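Chemist:
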Amino acid sequence: MITQFSRQSHWLAERPNPKYSTLFKWTMKWIPLAMRIYRAKLYWDKEKDFKGFDIETGAEIRNGWSKEAGDYIRANAPAKYRDFLVPKTEIGCKRRVNDTNYLSSLHQGNVNLIYDDPIDEIIATGVRTQSGKIIAAEAIVLANGFETQKPFGSLEIFGEKGASIQDHVS
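Just so we're aligned, residue 2 is where the sequence shown starts under my numbering, counting upward by one.
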């Protein structure tokens with residue numbers, strides 16, 4: 002059994018993985034400038050998205066992203082987790098996360114998501130939750146997606162008066 006504890010949901014977007022037709026591939030290979038035009042279009046589409054981060058004028062774009070991501074999550078997540086998995090926060094407050102089959106993995110019989118009973122203590126046989134429930138575990142993996150104490154890894158950055166950025170943020 003795989004048990005995942007989650008404190009907060011993320012806006013998950015469908016991972017783009019377009020299917021390119023034989024005609025499209027031929028066009029990219031043999032028509033001069035076709036690939037550059039296509040790349041410029043992709044670039045422009047992403048550049049348009051950047052306008053969504055403007056606090057005052059980007060609300061309409063963010064609302065569109067929220068609807069699209071929320072619909073995707075609701076369509077792909079198990080019903081018992083949907084209320085939790087669709088975030089209550091405004092989209093854009095955290096990094097974008099493309100779904101890499103995470104939602105489909107939650108449909109497997111050996112996967113359990115716990116979001117309403119946080120970990121209270123790690124014990125010799127597993128995990129004790131705040132409600133006192135013991136979850137047996139042979140292995141525990143901390144997978145929060147990023148290093149919280151050294152965000153720049155081994156890179157040391159020093160500013161005025163010799164203060165390091167690590168000292169400044171801690």
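Glycine included, every Cβ here is placed at the ideal spot set by N, Cα and C.
From a predicted model like this one, the values you see are computed outputs, not experimental measurements.
1. So, is VAL128 buried or exposed, given that buried needs 16 or more other C-beta atoms within 10 angstroms?
2. Please work out which residues of its chain come closer than 8 Å, Cβ to Cβ, to THR126, disregarding the five sequence neighbours upstream and downstream, and give them in chain order.
3. Measure the beta-carbon distance from ALA70 to ILE38 and round it to whole angstroms, keeping in mind my assumption that it falls under 8 Å.
4. Applying the 10 Å Cβ sphere with the 16-neighbour rule, what's the burial state of SER105?
5. Going by beta carbon distance, what residues of the same chain come within less than 6 Å of TRP66, once the five residues before and after it are set aside?
6. Using a Cβ distance threshold of 8 Å, determine whether the region 2-11 contacts the region 79-89, with at least three qualifying pairs required.
7. Expressed to the nearest angstrom, what Euclidean distance is found between the alpha-carbon atoms of ALA60 and GLY53?
8. In three-state terms, what does DSSP make of ASP50?
9. Skipping 5 residues on each side, what residues in its chain have a beta carbon closer than 8 Å to that of ASN102?
10. Does the region 40-58 touch the region 74-81, meaning 3 or more C-beta pairs lie closer than 8 Å?
11. Based on the DSSP output, what are the partners of ALA138 in its beta bridges?
12. Sort out for me which residues DSSP pairs LEU38 with in a bridge.
13. Please report how far the alpha carbon of GLY144 lies from the alpha carbon of LYS30, in whole angstroms.
14. Considering GLU15, what are the terminal residues of the beta strand (DSSP E) in which it resides?
Modeler: A quick look at the data gives this:
1. Here residue 128 refers to the residue found at position 127 when the sequence shown is read from its first residue. That one is buried.
2. Stepping through the sequence shown from its first residue, residue 126 is reached at position 125. Result list for THR126: ILE135, ALA137, ALA138, in chain order.
3. Here residue 70 corresponds to residue number 69 of the sequence shown, with the count starting at 1. Here residue 38 corresponds to residue number 37 of the sequence shown, with the count starting at 1. Contact between ALA70 and ILE38 does not hold, since their C-beta atoms are separated by about 29 Å, which reaches or exceeds 8 Å.
4. Translated into positions along the sequence shown, residue 105 becomes position 104. It counts as exposed.
5. Within the sequence shown, numbered from 1, the residue matching residue 66 stands at position 65. These residues qualify, in order along the chain: ILE92.
6. yes
7. Numbered from its first residue, the sequence shown carries residue 60 at position 59. Numbered from its first residue, the sequence shown carries residue 53 at position 52. So the alpha carbons of these two residues sit roughly 7 Å apart.
8. As a first step, residue 50 must be located in the sequence shown, where it is residue number 49. ASP50: helix per DSSP, three-state reduction.
9. The count along the sequence shown starts at 1 and reaches residue 102 at position 101. There are no such residues.
10. no
11. Position 137 of the sequence shown, counting from 1, holds the residue named residue 138. None; ALA138 has no bridge partner.
12. By one-based count along the sequence shown, residue 38 stands at place 37. Checking the sequence, you will find Ile at residue 38 rather than Leu. Bridge partners of ILE38: none, in fact.
13. To locate residue 144, count along the sequence shown from 1; it is residue 143. To locate residue 30, count along the sequence shown from 1; it is residue 29. Looking at the sequence provided, one finds Ala at residue 144 rather than Gly. Distance between the alpha carbons of ALA144 and LYS30 is about 42 Å.
14. Here residue 15 is taken as the residue at index 14 of the sequence shown, counted from 1. GLU15 -> beta strand (DSSP E) spans 13-15.
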